[in-house]
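Shown next, in structure tokens, is the structure this report addresses.
In the numbering used here, the protein residues as written are 96 to 398.
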């Protein structure tokens, strides 16, 4: 497997014999992911007294421009996704769009990205969570960096948000679950320090946003009583984000390490977060997804 990955890099970024034999010194590489299948790419390269070669991001390249800091066009040649940049006294910016690099698989957009240098990924505001090699990353409006970068990048758009109120004595907690699956209702079991909710189809990403005062971390995750892979990937001091991808429909149980204390006469009521009549916990299909939740401003980096 290691040999295969190394061979891919060598074949992918081999320099054509007719090109300059000096590698360009790349100051930065920014990839702007669009809400679709395309991505914008910007390389910033240190000026050089002689021609230098630069590998491009793989894909259907369009709109390629090469300019210096004053906006002057710099001559270049291109062969096999590698360009040879002419001499320049100042930094050079190489811009282009790679078309169709993101592929939609069910509700996820996927890009198997490979590039031999550090890369920064910039996302639209509507994307607040991405998955790098299946690990969730909370963006909070920030970018991520991938160093020397072989990564399966995934994200979803328009993910519904299911919200439920847990009323416990004089406390009301909002538990939110993000998923393209049908989710709910959410119930709190004080005795077992856990919450439960059903997923109707399985196979979709599911992210529970849990009030720490109600159910403290760390957590363990189960699907129909069996352990399931999960990631507790974000904590803003009041809520924890727990992500999993249940392989089939069933009941997810998240067991915490602490739970709100029991009141003399406890009562638990689940209602939809929107204004309106309470919904019975036995009627999950009556619950409606909600489109927004207030989330913190954090940054994570892929290393």
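Note that CB positions come from ideal geometry on N, CA and C, so glycine has one too.
query, result
"Rounded to whole angstroms, what's the CA-CA distance from residue 208 to residue 127? Just pull it up for me.", "13 Å"
"Using DSSP with H/G/I as helix, E/B as strand and the rest coil, what is residue 118?", "strand"
"Could you tell me the distance, in whole angstroms, from the CA atom of residue 142 to the CA atom of residue 202?", "43 Å"
"For residue 336, count the other beta carbons within 10 Å of its own beta carbon; 16 or more makes it buried, fewer makes it exposed. Which is it?", "buried"
"Answer yes if the region 213-227 comes into contact with the region 244-257, meaning at least three C-beta pairs across the two stretches below 8 Å, and no otherwise.", "yes"
"Can the beta-carbon of residue 346 be found less than 8 Å from the beta-carbon of residue 293?", "yes"
"I'd like the span of the beta strand (DSSP E) that includes residue 348, first residue to last.", "345-350"
"Bridge partners of residue 324, per DSSP?", "None, per the DSSP bridge assignment."
"Suppose you measure from the CA of residue 288 to the CA of residue 234; what does that come to, to the nearest Å?", "29 Å"
"Does DSSP put residue 206 in a helix, a strand or coil?", "strand"
"Just to confirm my understanding: we take residue 140, look at its own chain, exclude 5 residues before and 5 after, and list those with CB closer than 7 Å. What are they?", "119, 120, 121, 122, 149, 180, 186, 187 and 189"
"Exposed or buried, what is residue 339 when buried is set at 16 or more other beta-carbons lying within 10 Å of its beta-carbon?", "buried"
"Compare the C-alpha of residue 125 against each of 319, 239 and 320 and name the closest.", "239"
"Can at least three beta-carbon pairs, one atom from the region 164-174 and one from the region 210-217, be found at a separation below 8 Å?", "no"
"Quick check on the burial criterion: 16 or more other C-beta atoms within 10 angstroms. Buried or exposed for residue 265?", "exposed"
"Quick check on residue 366: does DSSP put it in helix, strand or coil?", "Since pLDDT at residue 366 reaches only 38, below the 50 mark, its modelled position is unreliable, and no value is offered."
"What do you get for residue 223, buried or exposed, if any count of 16 or more other CB atoms within 10 angstroms of its CB means buried?", "buried"
"When you measure from the CB of residue 320 to every non-hydrogen atom of the ligand GDP, does any distance come out below 7 Å?", "For the ligand GDP, the structure offers nothing, since it holds no ligand at all."
"What are the partner residues of residue 302, as DSSP defines its beta bridges?", "273 and 338"
"Shortest alpha-carbon distance to residue 135 belongs to which of 152, 144, 145 and 280?", "152"
"Which residue or residues does DSSP assign as beta-bridge partners of residue 160?", "190"
"Considering residue 284, what are the terminal residues of the beta strand (DSSP E) in which it resides?", "282-284"
"For residue 204, is the classification buried or exposed, using 16 other Cβ atoms within 10 angstroms of its Cβ as the cut-off for buried?", "buried"
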